[in-house]
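**Student:** When we follow our numbering, the leftmost residue of the sequence shown carries the number 6, and every step to the right adds one. Beta carbons are placed, not taken as given, at the ideal position from N, Cα and C, and that holds for glycine.
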Amino acid sequence: MNLNDILEYAGMVLEAAVIGLLVYRRAWRTLPFFCIYSVWTILSDGGNYIVSHHFPSAYLNMYFGGQIIDSLLQFCVLVEVSWSVFRPFRASLPRPTIWVLGGLLVVAGLIIWPFADSAAYAHFPHQWHELARLQQTDSILRVLFFLILAGCSQLLSIGWRDRELQVVTGLGFYSFVSLTITVLRSHQNADQYRTLDQFLIASYLVSLLYWIVSFAQKEAERREFSPQMQGLLLAVAGSARSTRIALSNSGHGKTGKRRQP
6 MNLNDILEYA GMVLEAAVIG LLVYRRAWRT LPFFCIYSVW TILSDGGNYI VSHHFPSAYL
66 NMYFGGQIID SLLQFCVLVE VSWSVFRPFR ASLPRPTIWV LGGLLVVAGL IIWPFADSAA
126 YAHFPHQWHE LARLQQTDSI LRVLFFLILA GCSQLLSIGW RDRELQVVTG LGFYSFVSLT
186 ITVLRSHQNA DQYRTLDQFL IASYLVSLLY WIVSFAQKEA ERREFSPQMQ GLLLAVAGSA
246 RSTRIALSNS GHGKTGKRRQ P
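Okay, structure coming up:
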């Protein structure tokens with residue numbers, strides 16, 4: 006058994022442990038997409054391992070499709086965490102807020118996309134070049150999301166014992182290592198790619214271990230937002246309601262005019 010096989014087996018064992026803890030902690034109630042993503046990773050890794058060893062000709066197509074699904078699920082996890090952060094104040098926020106948060110993440114991704122290319126992808130076929138660029142965009146977005154969430158932790162009244170920051174820390178660490186390895190690849194020869202890939206897998210194992218330690222502990226009770234954050238959210242909610250009422254009244258007024266003889 007070579008080192009790659011050992012790392013892959015270790016990854017699936019740790020992924021199973023994470024899923025077990027998520028079930029034990031009933032995390033699907035607050036983080037359903039993270040639970041779905043965790044199940045997907047072990048199914049995807051197991052499927053890729055079987056296909057690569059028994060049906061190698063189909064491996065690239067399976068990997069390509071799997072990575073697209075992986076990126077979509079990780080995006081959903083970021084939207085979910087964004088919404089979960091506002092849990093103590095969600096009742097006061099307008100219903101479309103979650104769609105606004107998702108839209109902001111999409112806009113951020115579109116801004117990042119032009120800068121997510123790398124010389125390391127220059128020799129890739131077109132579709133694989135675009136896939137690698139998508140993964141790079143996702144990695145940058147996750148790192149920025151982690152930095153913003155950690156930087157605003159005091160304002161949002163969250164800490165390292167809160168699930169939201171724990172989930173994003175694991176994703177952020179792995180993404181930061183992925184970005185670093187992409188930069189290194191552009192300055193290394195192809196013979197060293199295998200070592201870099203092994204280092205990337207090892208960083209993913211570290212993220213899994215971090216989630217295991219985090220979810221093995223009881224979740225901290227969420228604190229109320231700071232007064233500054235409460236004031237900001239109340240202002241946003243009030244502005245949204247005023248806009249909605251104004252639009253509604255405007256629509257009624259136009260309807261009334263049409264009915265006049």
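1. With H, G and I counted as helix, E and B as strand and the rest as coil, what does DSSP make of glutamine 222?
2. For phenylalanine 91, which residues from the same chain have a beta carbon less than 7 Å from its beta carbon, with the 5 sequence-adjacent residues on both sides left out?
3. Can you tell me the Cβ-Cβ gap for serine 215 and threonine 174, rounded? I've got them flagged as a contact below 8 Å.
4. If you drop the 5 nearest sequence neighbours on each side, which residues of the same chain put their C-beta closer than 8 Å to that of leucine 201?
5. Is there contact between the stretch 116-125 and the stretch 73-91, where contact requires at least three CB pairs shorter than 8 Å?
6. Please state whether DSSP places threonine 46 in a helix, a strand or coil.
7. CA-CA distance, tyrosine 14 and serine 219?
8. According to DSSP, is aspartate 122 helix, strand or coil?
9. Quick one: Cα of leucine 154 to Cα of leucine 170, how far?
10. Could you give the residue range of the alpha helix (DSSP H) that holds leucine 109?
**Tutor:** The answer reads as follows:
1. coil
2. Leu98
3. Checking the sequence, you will find tyrosine at residue 215 rather than serine. Right, the Cβ-Cβ distance comes to about 7 Å (below 8 Å), so this counts as a contact.
4. Ile186, Leu189, Arg190, Gln193
5. Too few Cβ pairs lie closer than 8 Å, so no.
6. Here threonine 46 sits in helix by DSSP.
7. 22 Å
8. Aspartate 122: coil per DSSP, three-state reduction.
9. 7 Å
10. 102-117
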